[in-house]
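Novice:
There are 2 protein chains.
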Amino acid sequence: MPKLLECALNLSEGRRESVISTIVEVAQGVRVLDVSSDADHNRTVLTFVGSPAAVAEAAFRITAQATELIDMKQHHGAHPRMGAVDVIPFVPLDEATMEEAIAVARQVGQRLGEELGIPVYLYEEAATQPARRNLADVRQGEYEGLARKLADPAWKPDFGPPRPHPTAGATAVGARVFLVAYNVNLGTSDMDVARTVARALRARTGGLRHVKALAVKLAERQQVQVSMNVVDPFQTPLYRVLEMVKMEAARYGAPVVGSEIVGLVPLAVLLETTRYYLQLEGFRADQVLETRLWSGEQ
Amino acid sequence: MPKLLECALNLSEGRRESVISTIVEVAQGVRVLDVSSDADHNRTVLTFVGSPAAVAEAAFRITAQATELIDMKQHHGAHPRMGAVDVIPFVPLDEATMEEAIAVARQVGQRLGEELGIPVYLYEEAATQPARRNLADVRQGEYEGLARKLADPAWKPDFGPPRPHPTAGATAVGARVFLVAYNVNLGTSDMDVARTVARALRARTGGLRHVKALAVKLAERQQVQVSMNVVDPFQTPLYRVLEMVKMEAARYGAPVVGSEIVGLVPLAVLLETTRYYLQLEGFRADQVLETRLWSGEQ
Chain A
1 MPKLLECALN
11 LSEGRRESVI
21 STIVEVAQGV
31 RVLDVSSDAD
41 HNRTVLTFVG
51 SPAAVAEAAF
61 RITAQATELI
71 DMKQHHGAHP
81 RMGAVDVIPF
91 VPLDEATMEE
101 AIAVARQVGQ
111 RLGEELGIPV
121 YLYEEAATQP
131 ARRNLADVRQ
141 GEYEGLARKL
151 ADPAWKPDFG
161 PPRPHPTAGA
171 TAVGARVFLV
181 AYNVNLGTSD
191 MDVARTVARA
201 LRARTGGLRH
211 VKALAVKLAE
221 RQQVQVSMNV
231 VDPFQTPLYR
241 VLEMVKMEAA
251 RYGAPVVGSE
261 IVGLVPLAVL
271 LETTRYYLQL
281 EGFRADQVLE
291 TRLWSGEQ
Chain B
1001 MPKLLECALN
1011 LSEGRRESVI
1021 STIVEVAQGV
1031 RVLDVSSDAD
1041 HNRTVLTFVG
1051 SPAAVAEAAF
1061 RITAQATELI
1071 DMKQHHGAHP
1081 RMGAVDVIPF
1091 VPLDEATMEE
1101 AIAVARQVGQ
1111 RLGEELGIPV
1121 YLYEEAATQP
1131 ARRNLADVRQ
1141 GEYEGLARKL
1151 ADPAWKPDFG
1161 PPRPHPTAGA
1171 TAVGARVFLV
1181 AYNVNLGTSD
1191 MDVARTVARA
1201 LRARTGGLRH
1211 VKALAVKLAE
1221 RQQVQVSMNV
1231 VDPFQTPLYR
1241 VLEMVKMEAA
1251 RYGAPVVGSE
1261 IVGLVPLAVL
1271 LETTRYYLQL
1281 EGFRADQVLE
1291 TRLWSGEQ
């Protein structure tokens, strides 16, 4: 398979459709997989895929366009943000490596700083300091607190000037693995059970290394849900997550009644689950018929 | 996804490499997935994929070429056979339907009969009579018995003359679903257990509708294997096969210690297994990232 990067660029505009479509049109040479706007958040997630060079160029052009059409001084929304293009994460797919995603993050960050005058923080795998790995820490203070943050020597940006861009604020550019949103429904209406199981699964409270979890009430179904982000589904596979939910919920007599994958999931993540349950020996991804049909190989 | 057919054409030549490669070269406009030759069987399976029209044209041209390079009067091998191109099965993939595979089988059969003078039997889903569905029945008597078989009014060919082609014999052309070769290893060296479990699984002896099964000794591992062909893995999914092997073997205290998928498996077959074990609600194939990357859609 070819080297591909995914980019799930977060725009601080979720209401003005003409602005959003004008910005999306700039994404040339890549495949746009999804455009999801939220009016309450006043935010759009634009997901596209392509070669590292094409994804880097598209991310740069989108940011240049957004800088002209979005004025952060006018922006209000429920979601934390600090820039017109708020976050640009690059995700390695197929044979692309994390090193390549990091290289693209740095290259795009540098261009944003030098050519557009936008201060840039590198985050997650692309971070230059441990304190900048976590996006929530980087964005702390939001757009309104940017001038002070950028002036702090500890928060000198990785690229660009140490002051906010007049309209575009600042941008976080990073690299991370593909995350999977995975929810498990329990056959009880008792939220205490969901909270206890979520706590048992969550990395922060002693659970699985790459799981973020919270309890959700499914009022219509009279069920509760353990709603999770598996932030590295290659290291913490879905079967392990499900079986641990089953194990913890069984303690309270609550059965697993269903689960759901929200959005996209890489084939490799599903194959690992299949290998576990079927106890498969030596099963390779290229045994999946479709990988032969769609690959570039002859 | 586009409409695609797979063709796993069986050639009666597994020894002379130059003959095989000359024949394979004729396959233009399709993607050749695999060429597997067996010298003992003196036979080659040539697997290719493409649009219905491209696969039909390639199958015709390969047969025309094989008719010139293979002389069935000189052919000997361990595998039953009746023609230079012995079997041409068409398998619907993606959005192609069985009806389209059957239509291609009939069209290719007709051209083989009219343009090349080869007697053709339609088999499996393309069969015109129930007695011709099973390939083993169609091929009964092999090349050496062809002249007599074709002269029998009950075995008048579907296309072509009622006498063998001088060099190419006769060809079976059919349509069938994708089959999966699936083996389950048991933690015992007792062949009686494997035979009993194989009998319990096999459709012919009361097992699962689309399973063919036999017992195999894995001498080096001191294990036994239930070796299966799941001839319609869409109707009889792999999880049902595995769980039934577990259930039957447990009766004799033998655990399942592993399984293997031999060769290719369609993504849809794996997804059904994932849906079962993860108890997934409403999971669609287009949630697999790669289906978006490789599909023609934007």
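Line by line, the protein sequences are chains A and B.
Numbering-wise (the numbering used here), the first sequence opens with residue 1 and increments by one.
Numbering-wise (the numbering used here), the second sequence opens with residue 1001 and increments by one.
Even glycine gets a Cβ: it sits at the ideal position worked out from N, Cα and C.
Whose Cβ in chain A lies nearer than 9 angstroms to the Cβ of residue 993(B)?
Specialist: No answer is possible for residue 993(B): the residues shown for chain B start at 1001 and end at 1298.
Novice: Output the residue ranges of the alpha helix (DSSP H) runs that lie fully inside the region 1095-1163 of chain B and measure 4 residues or longer, sorted by chain position.
Specialist: 1098-1116, 1135-1139, 1146-1151
Novice: Among 258(A), 259(A), 287(A), 257(A), which one has its Cα closest to the Cα of residue 271(A)?
Specialist: Looking up residue 271(A) in the first sequence gives position 271. When each option's Cα is compared against that of residue 271(A), the closest is 287(A).
Novice: Alpha helix (DSSP H) containing residue 239(A): first to last residue?
Specialist: For the purposes of this step, residue 239(A) is taken as residue 239 along the first sequence, with counting starting at 1. From DSSP, the alpha helix (DSSP H) with residue 239(A) extends over 238-250.
Novice: So, does the CB of residue 81(A) fall closer than 8 angstroms to a CB anywhere in chain B?
Specialist: On the first sequence, residue 81(A) is found 81 positions in, with the first residue counted as 1. Closer than 8 angstroms: no.
Novice: Nearest by alpha-carbon distance to residue 1061(B): which of 1037(B), 1291(B), 1024(B), 1237(B) is it?
Specialist: To locate residue 1061(B), count along the second sequence from 1; it is residue 61. Residue 1024(B) is the option with its Cα nearest to residue 1061(B).
Novice: Using the C-alpha atoms, what's the distance from residue 1263(B) back to residue 1169(B)?
Specialist: Sequence index remark: in the second sequence, residue 1169(B) carries index 169 (1-based). Sequence index remark: in the second sequence, residue 1263(B) carries index 263 (1-based). Going from the Cα of residue 1169(B) to the Cα of residue 1263(B) covers about 30 angstroms.
Novice: Go to residue 335(A), then tell me how far its beta strand (DSSP E) extends in each direction, as first and last residue.
Specialist: It is not possible to answer for residue 335(A), since the shown part of chain A is limited to 1 through 298.
Novice: Taking beta-carbon pairs under 8 angstroms, can you tell me which members of the region 247-264 of chain A lie near chain B?
Specialist: Residues 256, 257, 258, 259, 260, 261, 263, 264.
Novice: Residue range of the beta strand (DSSP E) that residue 1186(B) falls in?
Specialist: In the second sequence, counting from the first residue as 1, residue 1186(B) sits at position 186. Here the beta strand (DSSP E) through residue 1186(B) covers 1180-1186.
Novice: What does the alpha-carbon distance come out to for the pair residue 49(A) and residue 184(A)?
Specialist: By 1-based counting over the first sequence, the position of residue 49(A) is 49. By 1-based counting over the first sequence, the position of residue 184(A) is 184. In a straight line, the C-alpha of residue 49(A) is about 29 angstroms away from that of residue 184(A).
Novice: So for residue 1070(B), helix, strand or coil by DSSP?
Specialist: The residue given as residue 1070(B) occupies position 70 in the second sequence. The answer is coil: DSSP assigns residue 1070(B) none of H, G, I, E or B.
Novice: Considering only the beta carbon of each residue, do residue 189(A) and residue 222(A) sit closer than 8 angstroms?
Specialist: To locate residue 189(A), count along the first sequence from 1; it is residue 189. To locate residue 222(A), count along the first sequence from 1; it is residue 222. With contacts defined as CB atoms closer than 8 angstroms, residue 189(A) and residue 222(A) qualify as a contacting pair.
Novice: When DSSP labels each residue in this structure, what does residue 1060(B) get in the three-state scheme?
Specialist: As a first step, residue 1060(B) is located in the second sequence; it is residue number 60 there, counting from the start. Note: residue 1060(B) maps to helix in three-state DSSP.
Novice: With 16 other CB atoms within 10 Å as the buried threshold, where does residue 1134(B) fall?
Specialist: Taking the second sequence and counting its residues from 1, one reaches residue 1134(B) at position 134. Exposed is the call here.
Novice: Does the separation of the CB atoms of residue 91(A) and residue 6(A) fall below 8 angstroms?
Specialist: Numbered from its first residue, the first sequence carries residue 91(A) at position 91. Numbered from its first residue, the first sequence carries residue 6(A) at position 6. Taking 8 angstroms as the Cβ cut-off, residue 91(A) and residue 6(A) qualify as a contacting pair.
Novice: Closest by CA to residue 1279(B), which one among 174(A), 212(A), 238(A)?
Specialist: Taking the first residue of the second sequence as position 1, residue 1279(B) is located at position 279. Nearest option by C-alpha distance: 238(A).
Novice: Just grab the DSSP bridge partners of residue 165(A) for me.
Specialist: Along the first sequence, one-based indexing puts residue 165(A) at 165. For residue 165(A), which the question treats as bridged, DSSP gives the partners 169(A).
Novice: According to DSSP, is residue 1254(B) part of a helix, a strand, or is it coil?
Specialist: Locating residue 1254(B) in the second sequence gives position 254, where the first residue counts as 1. Here residue 1254(B) sits in coil by DSSP.
Novice: Quick test of the definition: if touching needs 3 or more C-beta pairs under 8 angstroms, does the region 1163-1177 of chain B touch the region 1067-1085 of chain B?
Specialist: yes
Novice: Mapping the DSSP letters down to three states, classify residue 1012(B) as helix, strand or coil.
Specialist: The residue labelled residue 1012(B) in the question sits at position 12 within the second sequence. It is coil, neither helix nor strand.
Novice: Just to confirm before moving on: does the CB-CB distance between residue 1299(B) and residue 1089(B) stay below 8 angstroms?
Specialist: The requested residue 1299(B) does not occur in the structure, where chain B is confined to residues 1001 to 1298.
Novice: Tell me which same chain residues have a C-beta within less than 7 angstroms of the C-beta of residue 145(A), skipping the five on either side of it?
Specialist: Within the first sequence, numbered from 1, the residue matching residue 145(A) stands at position 145. Answer for residue 145(A): no residue qualifies.
Novice: Starting from the C-beta of residue 38(A), find all residues in its chain whose C-beta is less than 7 angstroms away, skip the five residues before and the five after it, and write them out in chain order.
Specialist: Locating residue 38(A) in the first sequence gives position 38, where the first residue counts as 1. Closer than 7 angstroms at the Cβ level, and outside the excluded window around residue 38(A), lie 14.
Novice: Tell me, which residues are paired with residue 88(A) by DSSP?
Specialist: Locating residue 88(A) in the first sequence gives position 88, where the first residue counts as 1. DSSP links residue 88(A) through a beta bridge to 173(A).
Novice: Start and end of the beta strand (DSSP E) containing residue 47(A)?
Specialist: Taking the first sequence and counting its residues from 1, one reaches residue 47(A) at position 47. Its beta strand (DSSP E) spans residues 43-50.
Novice: Along the alpha helix (DSSP H) that carries residue 1269(B), what are the first and last residues, could you check?
Specialist: Taking the first residue of the second sequence as 1, we reach residue 1269(B) at position 269. Its alpha helix (DSSP H) spans residues 1267-1278.
Novice: Rounded to a whole number of angstroms, what is the C-alpha to C-alpha distance between residue 1215(B) and residue 289(A)?
Specialist: Indexing the second sequence from 1 puts residue 1215(B) at position 215. Indexing the first sequence from 1 puts residue 289(A) at position 289. About 27 angstroms.
Novice: Give the DSSP-derived three-state secondary structure of residue 1288(B) in the structure shown.
Specialist: In the second sequence, counting from the first residue as 1, residue 1288(B) sits at position 288. In the structure shown, residue 1288(B) sits in a strand (DSSP, three-state: E or B).
Novice: Report the option in 69(A), 195(A), 224(A) whose CA atom is closest to the CA atom of residue 303(A).
Specialist: Residue 303(A) lies beyond the residue range present for chain A, which begins at 1 and ends at 298; the question has no answer from this structure.
Novice: Measuring CA to CA, which of 1106(B), 1240(B), 1102(B) is closest to residue 1277(B)?
Specialist: Position 277 of the second sequence holds residue 1277(B). Checking every option, the nearest Cα to that of residue 1277(B) belongs to 1240(B).
Novice: If I measure Cβ to Cβ from residue 1042(B) and keep anything under 8 angstroms in the same chain, skipping five residues before and after, which residues do I get?
Specialist: Position 42 of the second sequence, counted from the first residue, corresponds to residue 1042(B). Cβ within range, chain order: 1012, 1013, 1014, 1015, 1075, 1076, 1077, 1078, 1079.
Novice: Pick helix, strand or coil for residue 1189(B), following the three-state DSSP scheme.
Specialist: As a working note, residue 1189(B) is residue 189 in the second sequence. If DSSP states are grouped into helix, strand and coil, residue 1189(B) belongs with coil.
Novice: For chain A, find out if any of its Cβ atoms is closer than 8 angstroms to the Cβ of residue 1283(B); answer yes or no.
Specialist: The residue you call residue 1283(B) lines up with position 283 of the second sequence. Yes, residue 1283(B) counts as interfacial toward chain A.
Novice: Residue 277(A) versus chain B: which residues are under 9 angstroms apart at the beta carbon?
Specialist: Counting from 1 along the first sequence, the entry for residue 277(A) is found at position 277. Correct list: 1239, 1242, 1273, 1274, 1276, 1277, 1278.
Novice: Taking Cβ positions, are residue 1203(B) and residue 1211(B) nearer each other than 8 angstroms?
Specialist: Position 203 of the second sequence holds residue 1203(B). Position 211 of the second sequence holds residue 1211(B). Result yes, Cβ atoms of residue 1203(B) and residue 1211(B) sit closer than 8 angstroms.
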